[in-house]
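Protein sequences, first through last, are from chains A, B, C and D.
Be aware that the first sequence starts at 304, since it is given in my numbering, and climbs by one per residue.
Be aware that the second sequence starts at 53, since it is given in my numbering, and climbs by one per residue.
Be aware that the third sequence starts at -2, since it is given in my numbering, and climbs by one per residue.
Be aware that the fourth sequence starts at 5, since it is given in my numbering, and climbs by one per residue.
Note that beta-carbon positions come from the ideal geometry of N, C-alpha and C, so glycine has one too.
The next block holds one structure in the form of structure tokens; read it before the comments.
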Amino acid sequence: MAATVHDPVEADDDVLHHSATGLSNEKIAMWAFLASDCLLFGALISTYILYRGRSVVGPYPHGVYDIPYTSVSSFVLLMSSLTMVLALSAIQRNDQRRLRIWLLTTALLGTVFIGGQVYEFTSFVRMGLKIHTNLFGSSFFVLTGFHGTHVFIGVLMLMSLFSLSLKGKLPQEKAQTVELVGLYWHFVDVIWILIFTLVYLIPS
Amino acid sequence: MGVSRRRGAVALAVGIGLLMTACAKHAPQDTLKPNGPAARTIDHLYVPVFWIAAVIFVLVQGLLLVFLFKYRDRGERDERPEPVQLHGNTKLEFGWTVVPAVLLALVAAATLPTIFKLAKKPTNPINVTVVGHQFWWEYRYTDPDIGVVTANELHMPVGRDVYITEDGTLRKPDGTLDADVIHSFWVPRLNGKTDMIPGRVNHMKLKADTPGVYLGQCTEFCGLSHANMRLKAIAETPAEFDAWVQTMKKPAATPVDGDPAFAGYQLFTSRGCAGCHTVDGYTEGLVGPNLTHVYSRTSFAGALFDMSPANLSKWLRNPPGEKPGSRMPNLNLTPDEISKLVAYLETLK
Amino acid sequence: MTDTATSHEVEPHTHDERAHPSDAQYVAVALVLGAITAVEVGVYYITAIPKHLLTTMLIVMSAVKFSAVVLWFMHLRFDSRLFRRLFVTGLVLAFAVFLIFLSSLHFYSPSRH
Amino acid sequence: MTEPIAYGQTPPLTARRSLLRRPTSTAGLWGWITTVDHKRIGIMYGVSAFVFFLLGGIEALLLRLQLGGPNQHVLSASAYNQVFTMHGTTMIFLVIMPMAAAFANYLVPIMIGARDVAFPRLNAFGFWTFLAGGLFMYSSFLLGGAPNGGWFGYVPQTLKAYSPGHNIDFWVFGLQILGIASLTGAINLIVTIINMRAPGMSFMRMPIFVWMSLVAQFLLLFALPVITVALFLLMFDRQFGGHFFDAQAGADPLLWQHLFWIFGHPEVYILILPAMGIVSEVLPVYARKPLFGYAVKVFSGIAIGFMGWGVWAHHMFATGLGPVAISAFGLSTMFIAVPTGVKIFNWLGTLWGGKLRITTPFLFAVGFVAMFTIGGLSGVTHAVVPADTQQTDTYYIVAHFHYVMFGGSIFGLFAGVYYWAPKVTGKMLSDFLGKIHFWLMLVGFNLTFGPMHILGLQGQPRRIYTYPAGRGWEFWNLVSTIGAFTIAASIVVFIVNVIRTKISDQPNVGADPWDARTLEWTIPSPPPEYNFAEEPLVTARDELWHRKYDEDGDGRAIRRELDYPVVMDEVPDEVHVHMPSPSYWPLVASFTLPAVAYGMIYRAWPVAIAAGVVEITALYSWALEPSTAPPDPDEGTEDHGPELDSGEPAAAELETADAD
């Protein structure tokens, strides 16, 4: 069973007591926030698409992109979604050991992704692409930087959960906290799925 | 009742106001007095919509007033029972959804063809490229038989379309854009406005029915002197227009030593004017307006001042003081230098 | 008691939640996702595919991946309809608005190359 | 770092360690500053917004003085540009939006029978962030010049190349901070309305104000990210050499306009929908009839909300989008008038056959309908695209949107102020002064903005700091200026009314002075901190009315003979409801944001980084702090009964960190 409010473990939770829909406030809030974030990334991705092929000076995308490299880091982020959902599954079974393992793995995979992005950014800069070089530089760095910031915040939250769990302060009743962080984490992942296709793979 | 009378008075005032607009004698930028086909097309579209709106206005405000009067609680004397608790009426609500929708569909049916009609490229027009600068207008007559460059005052022959290209993609020889910020070109009695946007190219057409000076101005906020970025469209008979073209094609006046203007002519380069202004055959500045025939214009500095030696002197003393944000700096000219420069400018007819 | 908080359900609650998948199913979904990613990168290198077809294929594949993560990992398939409506509203709005925005620029041609 | 407390567990007192000792008292100034009570926050929203309203009003008077005649020298060109920019920005972001937030905060919980909003501390954070953002933006006047690019901030005018000072930076960062405030508020209210309704309060029984607030909050939820992105792009262009709007580098300045208006048009409905909701609450009470066509009203509100996303480019009809695109946007703009018109006719239907008590709130509500109708009609003329190319960027537009925003929103909000003032304070504002206020305002308003239609048609552009004589604009500009001062006089009457009422010793008005219809009138005025001593059970739309009145065979209302009270006029003794505890963290988290912004504007990176660290610390401390503090040992430890806990787990809180 999952951490919905119908979970017998959570049935005593306060959340249920003042809910008109039977759902938890926090989860509605998180979904509302993610729905809102769709427009944030929508605007950023559209900006990138609008400016595809409009830079008047180089470097241009095909000159700097390293598709195999980015594919690997995309795969890493994709797999972190799996470990995230396994962490949630673990806390719902009150399996604290696996919870910690999977939280830590997810945070590590996220860190690897960010590390990859840092490396990618620095190599682009070495190739002469900076935020002020051209339209491509501006829109690429801002879009992927925004996404990277989202991942970074996610890693912070995962590490916080991990340390709470170590201190024994993440009992099964708090599975929803893990679920909320998970929702955020998966969202960051699906945005990257779009970015990987629309920014890197689609030919211009 | 006070409610009705006062609201009636307001409605009356608005109505009278609109009438007064139509009759106002000195409103040279009045959109309700079109004097060209485009502006008239727009007017013919606006006026019926205005009257439809006026009917709905009278209907809604009238009903409000009637209800306020008829149903008001008269306190102690009021012996009506409590109102019927009416929750709605499907037929009525359906009606006042559908009727406005139908009215709007009619308006749309009139609007859409007009949009395309106005967007149509005119045949055999005079082509003028307009570039908006902070805070003045540059006109380049691009037809090979005209080939004139001027500023602020757009000359046009009556009865012939002028096809305006607001080109925000033009670049100076050094590669930088001619355009700076967004401006909007508007001559209310001839047509609606069109923005001139850096990096984009927009078009509009102007045509005047009768000779005259049609005033306009920039309508997109463009900085400190947005209010001072004015313009004139001068519609003339074809013969007058041709004569103007011929004048503009003449080479610039060149004073010879001994002329009173000669000292000014020399100052023009030595005090830096030439760095920004073009005088054909003499200087090639690319920042300010082309001055080859500046004194043939009736106004200057974004059509802010009437052309006169006194106004020119005032202007040269401190341009940003006269026109905030002007890119023409205060050159700290002495009164003597100013009068010499003005003497030179007066020869540039 | 004077202070029972608002504990009840207002509307007939639609029990549209279903049990969440097992770990094995999660792994299976992840394997599919990985496989699609591999195909994505693969087709990218097949130069024989015409550009428009390639673009379509890539967009379809990323939409499938997107949906898989949202439906399974984020449990949107299993959770309350309310969450689905919230998220889909945002998503569809974003798509619609920005598609209109980008395509409206297509009607404008003079300075585009 | 404090320890998290599991839900429903009473934390051990010794375990409480915190960077700041948690505030315990709800009394005095600190009680207000650390409050998480939605009603106090609502009041603070209202008072702050009113102060900003006065500032924005003074700015408007300065503008009108300058334009009262041709070639005036009250303001320089530079000052004029700052003042008109700040007037627009203030009235939209610091007056109408927070005023609507004030009403929503105060009323939504008590109208749906809840004890607080879903996230009380997030609510406090939202308010303080709004205030911090407003003060931050106004500090620019003291730091070298206020924003001067217009409330629409069009590029390239607002790029560094053309606005090299820090003016625009204050605008960019200020709006960004205000956006954070609005986004948190939107999420909070959405969750509250969806999830905190009392038993029986189904969606179709919700008061219409709650409905309109819900739609407006959804519009905020989806519109704010778009302006956030636009402002970020502008920030990158100005601060870090980006090229998003640099035509020289191949960029399209219209990107800004699209993003701005994709936000900006829904924003218009964000500003008007709450006022429509207020008017729809007020008219039925004084007509003694239910709202005509409740369901249609609700759905037209939702329809407006949706259609509001497809009309943004009508702000750009002169930008050369091409005939196909402008035809489409012209059509969508015309048809958004349908649901709007339906609303107007339904208000008329509400008055029809009623027994109208002509009170101040009623007059303001009727004034709303009358004035908004004018704004709506001139709006239709903008949808006629060719006509709009004559009207746009002239005073015709200024007239139009003031009929919507002032004749609409502000009249509606004043209707709400007069209507709910007795609920908030327990005292009735003077009806006599209120009516003077109304008539002065109505006349002044029409004198100010009516002539602007004419001026616009006569070709007077907007945003001009001066105009020459001889354009035919002198007379109506003078009238308009006189009108503006008439409005100012009406505001003075309002202030006198408020002060007189405040210092008067009139007896408490009781729970239901208007013989009203909705739940908020069942509880004492002002309501106790916990709102409802007993959770209400809702059986009908207009619950209170149905408790009081039955209908006879003709459908006429007849008062029920009851031997028990249906409202609670006084706060009962011996009610123990454990409410969320006050907290410092929202305050710290809010006021750190301007510090980050100052650091970035002045490139004082250590300041920005230090402030960022404080921000993160505050958010962490907040996340780990239980929403309800343990009982104070000095206070005795009697049983507080079940808590109304609105626990906010770490994850949800951390979200606020990246909500910007």
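Asked                                                                                                                                                                                                         : Found
Would Arg26 of chain D pass as a contact of Val581 of chain D if the rule is Cβ separation under 8 Å?                                                                                                         : no
Under 8 Å between C-beta atoms, does Lys359 of chain D make it to chain B?                                                                                                                                    : yes
Give the range of the alpha helix (DSSP H) segment to which Arg504 of chain D is assigned.                                                                                                                    : 478 to 507
Roughly how many angstroms lie between the CA atoms of Phe536 of chain D and Met572 of chain D, to the nearest whole one?                                                                                     : 9 Å
In angstroms, rounded to a whole number, what distance separates the CA positions of Lys159 of chain C and Trp334 of chain A?                                                                                 : Outside the displayed span of chain C (-2 to 110) sits residue 159 of chain C, for which this structure offers no information.
Using a Cβ cut-off of 8 Å (strictly closer), state whether Ser377 of chain A contacts chain C.                                                                                                                : yes
Identify whether Met248 of chain B lies in helix, strand or coil by the three-state DSSP scheme.                                                                                                              : strand
Which of helix, strand or coil does DSSP assign to Val239 of chain B?                                                                                                                                         : coil
In the structure shown, what three-state DSSP assignment does Arg124 of chain B receive?                                                                                                                      : strand
Does chain C have any CB closer than 8 Å to the CB of Ser374 of chain A?                                                                                                                                      : yes
Please decide whether Phe368 of chain D counts as near chain C, where near means a Cβ-Cβ distance under 8 Å.                                                                                                  : no
What does Val94 of chain C touch in chain D if you count any residue whose Cβ is under 9 Å from its own?                                                                                                      : Phe226, Val230, Ile266, Trp313, Gly314, Trp316
Just to confirm the assignment, what range does the alpha helix (DSSP H) spanning Leu90 of chain C have?                                                                                                      : 78 to 101
Quick one: what does DSSP say Asn512 of chain D is sitting in, helix, strand or coil?                                                                                                                         : coil
Taking 8 Å as the cut-off, does the stretch 442 to 462 of chain D touch the stretch 389 to 407 of chain D (at least 3 CB pairs, one atom from each stretch)?                                                  : yes
Is Phe595 of chain D helix, strand or coil by DSSP?                                                                                                                                                           : helix
Name the chain B residues that come within less than 7 Å of Thr323 of chain D, Cβ to Cβ?                                                                                                                      : Asp247, Ile249
Figure out for me which residue from D:Leu33, D:Trp36, D:Ala83, D:Asn109 has the closest Cα to the Cα of Lys43 of chain D.                                                                                    : D:Asn109
Please report the distance separating the alpha-carbon of His91 of chain D from that of Phe54 of chain D.                                                                                                     : 14 Å
Do the stretch 416 to 433 of chain A and the stretch 228 to 239 of chain D touch if we need at least three Cβ pairs shorter than 8 Å?                                                                         : no
Can you name, in chain order, every residue of its own chain whose Cβ lies under 6 Å from the Cβ of Thr671 of chain D, other than the five neighbours on each side?                                           : Chain D is shown only over 5 to 664; residue 671 of chain D falls outside these bounds and no answer can be derived.
Measuring only between beta-carbons, confirm whether Phe80 of chain C sits less than 8 Å from chain D.                                                                                                        : no
Val150 of chain B: which of D:Lys301, D:Leu437, D:Phe339, D:Val447 sits nearest, CA to CA?                                                                                                                    : D:Phe339
Does the stretch 422 to 442 of chain D come into contact with the stretch 362 to 378 of chain D, if we say contact requires no fewer than three beta-carbon pairs (one atom in each stretch) closer than 8 Å? : yes
Report the rounded CA-to-CA distance for Glu336 of chain B versus Ser360 of chain B, giving the unit in angstroms.                                                                                            : 25 Å
What is the rounded straight-line gap between the Cα of Phe336 of chain A and the Cα of Ile181 of chain D?                                                                                                    : 17 Å
Name, please, each residue of chain D whose Cβ falls closer than 9 Å to the Cβ of Asp492 of chain A.                                                                                                          : What Asp492 of chain A touches in chain D: nothing, since even the nearest Cβ is about 15 Å away.
Suppose you measure from the CA of Phe320 of chain B to the CA of Ala326 of chain B; what does that come to, to the nearest Å?                                                                                : 6 Å
Looking at chain A, is there any beta carbon in it that lies within less than 8 Å of the beta carbon of His247 of chain D?                                                                                    : yes
Mind checking whether Asn382 of chain B and Pro371 of chain B have CB atoms under 8 Å apart?                                                                                                                  : yes
Listing by chain order, which chain D residues have their CB less than 9 Å from the CB of Arg429 of chain A?                                                                                                  : Per Cβ cutoff of 9 Å: no residues; Arg429 of chain A is ~18 Å from chain D at best.
Pick from B:Phe146, B:Val239, B:Ala160, B:Asn141: whose alpha carbon is nearest that of Pro89 of chain B?                                                                                                     : B:Val239
Taking 8 Å as the threshold (beta carbon to beta carbon), is Gly366 of chain A in contact with chain C?                                                                                                       : no
With DSSP as the reference, please indicate the residues paired to Thr202 of chain B in a beta bridge.                                                                                                        : B:Tyr191
Whole angstroms is fine: what's the gap from Thr299 of chain B's alpha carbon to Pro196 of chain B's?                                                                                                         : 16 Å
Could you list which residues in chain A have their beta carbon closer than 9 Å to that of Leu90 of chain C, in chain order?                                                                                  : Ala338, Cys341, Leu342, Gly345
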